Each structure stands twice: as structure tokens, then as C-alpha cells.
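Residue numbers (full-length UniProt numbering): 1 to 294.
Beta carbons: idealized from backbone N, C-alpha and C, even for Gly.
Remember, predicted model here, so these are calculated numbers, not experimental data.
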């Protein structure tokens with residue numbers, strides 16, 4: 001009977017770690033039926049059952065647990081050797097997967113991605129824009145990019161783009177004839193464009209001045225789940241929006257929006273790229289981080 005191939009073993013590792021044929025197939029770029037066939041072939045070649053399968057779940061048998069325990073470090077070491085062999089020739093290859101917010105990916109596309117793709121033409125860059133915060137290890141990403149406050153404590157974090165701030169903005173037309181808010185509590189006199197977080201909760205606006213922190217559940221007839229759409233709604237005169245400054249930059253420059261409560265909007269730690277501190281860092285990620293630092 002033929003021996004298992006490296007592809008067979010990597011397929012088993014993906015299914016075993018994610019305990020899902022669907023998720024493993026998506027990450028590997030193959031169909032679920034193809035992946036299932038690969039695993040059944042591997043079990044026949046080894047003469048043992050590796051997985052318990054039901055219509056709703058996948059779990060490891062005792063044989064599967066033993067195989068995964070030994071296989072993980074071996075495949076990790078093999079990947080490291082292959083990457084080091086490539087980098088010795090000055091060639092960085094492979095796929096770099098990064099999960100980030102839409103705003104972060106916009107920033108990367110403006111400042112980092114063009115040069116990265118020019119320098120490392122053999123790297124496939126896979127950028128996934130996602131509102132919700134995901135477990136980058138469980139979801140198969142090499143790194144994530146989020147606001148510093150959202151980065152898990154056990155990750156190595158690298159700053160991206162410096163500090164930023166949230167700004168309360170409105171159109172001159174909306175503000176005409178209305179009292180300009182001087183303190184956050186005066187937002188109660190206005191229509192505010194509220195924001196729905198990826199978790200489903202509504203965001204409560206956070207302000208700070210001279211060490212005093214104020215959190216306001218603002219009033220408003222409309223809620224959106226996109227900072228870009230909130231800016232567009234504010235430009236249309238539908239109320240006051242509270243968004244990261246980069247989203248409002250163009251409208252502020254063109255004076256279709258103006259700021260209110262600006263002295264209540266301090267700078268905060270901005271976006272950070274983060275990755276696990278207990279895993280080998282692939283050369284493609286090292287190269288990407290070097291460009292960020294530049």
C-alpha cells in the first residue's frame with residue numbers, strides 16, 4: 001500500500017485543527033468533497049480511523065490525536081526549513097493572510113501594498129476585510145490589524161500609521177440654525193447617526209477632556225454599521241456622526257463636513273498589526289512588517 005503524501009498529511013492537520021471540513025476546505029482552496037476524499041484515502045493508507053464524523057461535527061479518534069500531536073511540530077519545522085531555503089536565495093514565496101478592518105486595509109493599499117507586491121512578486125497577499133474581531137490563529141491568518149485596545153494581550157503588536165482620533169462631524173447645512181454642542185451631553189439636543197458594532201451592540205460615543213471621560217448613548221433616528229456610510233449620511237445633512245478621522249478627511253478638507261466637540265476628541269493609540277508570539281514568523285510576514293516600520 002502506498003505511503004501518505006505530504007499533501008494528505010497537511011489536509012489532515014487542517015481538518016484536525018479546525019475540526020471542520022468546511023473551514024479547512026475554505027482555507028486550503030479546495031472543495032469539501034475533495035477534502036473528505038483525501039482524508040478517507042489517508043485513513044485507508046494508514047489502516048486506521050483518524051476522525052469521528054457526524055453531520056454536525058468532526059472530532060479526532062485516539063489514533064488521530066496521536067498523529068496530530070507528532071505531526072504538527074514536524075510540518076511546522078518542514079515549513080520553516082523550506083522558507084529558510086528560499087530566503088537564502090533572496091526569494092520570499094508563499095501566501096500571506098491578514099485579517100483587518102476595512103479602514104486598515106484602505107491604509108495598507110495606500111501606503112504598503114503597492115511596494116510590497118513590487119518587491120515580493122512571488123508572495124500571494126490575501127487581505128480579508130472583516131468588521132468582527134476574529135481569532136486569527138483559529139481562522140488560519142498569519143496576522144491581524146485592529147485598534148490597539150482590541151489586540152489580544154498574548155500577541156506581538158506592531159504600530160501601523162500612528163495615533164488617530166474619532167471626530168464628531170456634521171454638515172454646515174445640518175448645523176445651520178441649531179445650537180452648536182459645546183459638551184457631549186448637549187448632543188441630546190441633536191439628531192445623531194448612531195453606529196451598530198459587529199457584535200450587534202450599539203456603540204456609545206466616548207469622549208475625554210482634561211482626564212474626564214464621558215460616555216454618551218446618543219439619540220438618533222438612524223443607525224448604520226459602516227463608518228463610510230455614516231460620513232455620507234452626515235454629508236447629506238442627516239445628523240452628527242462620530243467616526244475615525246481618516247474616514248472624514250476628504251469631507252473636512254472639502255468643507256462638506258465640519259467638526260464639533262473637537263476639544264473632547266483626543267488622540268488614541270491607533271492601528272496595530274499583531275501575530276502570535278509562540279509561532280514561527282514566516283519570511284513574508286517579516287518582510288511586510290519591515291515595510292510597515294519604514
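Sequence-distant residues of its chain with Cβ nearer than 8 Å to residue i (five each side left out)
i           : result
residue 124 : 94, 95, 96
residue 189 : 178, 179, 181
residue 116 : 123, 125, 287, 288, 291
residue 175 : 258, 260
residue 120 : 92, 284, 287
residue 22  : 32
residue 277 : 154, 155, 156
Status (buried if at least 16 other CB within 10 Å, exposed otherwise) for residue i
i           : result
residue 195 : buried
residue 51  : buried
residue 169 : buried
residue 184 : buried
residue 47  : exposed
residue 150 : exposed
residue 107 : buried
residue 171 : buried
residue 272 : buried
residue 129 : exposed
residue 283 : buried
residue 15  : buried
residue 5   : exposed
residue 38  : buried
residue 57  : exposed
residue 59  : exposed
residue 31  : exposed
residue 200 : exposed
Residues near residue i in its chain [Cβ-Cβ closer than 7 Å; skip 5 each side]
i           : result
residue 275 : 142, 143, 155, 156, 281, 285
residue 221 : 191
residue 43  : 49, 50
residue 218 : 187, 192, 194, 205
residue 134 : 99
residue 63  : 48, 49, 50
residue 256 : 171, 235
residue 24  : 14, 15, 18, 35
residue 173 : 237
CB contact below 8 Å: residue i versus chain C
i           : result
residue 265 : This model lacks chain C altogether; it includes just one protein chain.
Those residues which DSSP pairs with residue i across a bridge
i           : result
residue 146 : 272
residue 155 : 276
residue 59  : 52
residue 222 : 193
residue 98  : 127, 143
residue 166 : 244
residue 250 : BP columns for residue 250 are empty, so no partner.
residue 213 : 208
residue 66  : Paired residues: none, contrary to the question.
residue 202 : 196
residue 260 : 168
residue 160 : 271
Cβ neighbours of residue i in the same chain (closer than 6 Å, five flanking residues each side left out)
i           : result
residue 100 : 145
residue 198 : 131, 132
residue 140 : 27
residue 136 : 99, 144
residue 267 : 163, 165
Presumed contact (8 Å Cβ cut-off) between residue i and residue j, rounded CB distance
i           : j           : result
residue 263 : residue 208 : About 10 Å; that fails the 8 Å criterion.
residue 147 : residue 270 : 7 Å
Touch test, the region 161 to 168 against the region 231 to 248, Cβ-Cβ under 8 Å, three pairs minimum: yes
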